[in-house]
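Worksheet: one structure, shown below.
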Amino acid sequence: MKEYKVESRAYYSKLSVDKNHIVKSSSKEIQGFLDNYAKEGWQLVSTDAASFGLAMYVYLYFERDI
Numbered sequence: 180m181k182e183y184k185v186e187s188r189a190y191y192s193k194l195s196v197d198k199n200h201i202v203k204s205s206s207k208e209i210q211g212f213l214d215n216y217a218k219e220g221w222q223l224v225s226t227d228a229a230s231f232g233l234a235m236y237v238y239l240y241f242e243r244d245i
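Sequential numbering of the sequence shown, starting at 180, is according to the working numbering.
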């Protein structure tokens with residue numbers, strides 16, 4: 180049997196000439212989530228992202244065996 184979990188994060192844009200500044204600033208935090216969940220037996224099975232206004236929303240979908 181599987182257990183599922185969704186982690187959602189919101190990242191906000193700022194004025195910058197670097198169009199990838201959200202990716203660069205959020206990568207370390209997202210990697211931390213992946214590492215912590217992996218220690219607890221969770222596996223990342225899917226991702227999704229959406230943007231609305233100045234925000235980017237990232238969804239991480241995890242599963243693990245019960």
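Just so it is clear, CB atoms sit at the ideal spot from N, CA and C, and this is done for glycine as well.
Computed from a prediction, not measured in an experiment: that's the story for all the values here.
Between the alpha carbons of residue i and residue j, how many angstroms are there, rounded?
{"i": "Leu239", "j": "Gly211", "result": "12 Å"}
{"i": "Ser230", "j": "His200", "result": "14 Å"}
{"i": "Ser187", "j": "Asp227", "result": "9 Å"}
{"i": "Asp244", "j": "Ser206", "result": "27 Å"}
Does DSSP put residue i in a helix, a strand or coil?
{"i": "Ser192", "result": "coil"}
{"i": "Glu182", "result": "strand"}
{"i": "Asn199", "result": "coil"}
Kindly identify the DSSP beta-bridge partner or partners of residue i.
{"i": "Glu242", "result": "Tyr183 and Gln222"}
{"i": "Ser230", "result": "Met235"}
Between the options, which lies nearest to residue i when the distance is taken from Cα to Cα?
{"i": "Tyr236", "options": "Gly220, Val185 and Val224", "result": "Val185"}
{"i": "Leu194", "options": "Lys181, Leu213, Leu233 and Arg243", "result": "Leu233"}
{"i": "Glu208", "options": "Ile245, Ala189 and Trp221", "result": "Ala189"}
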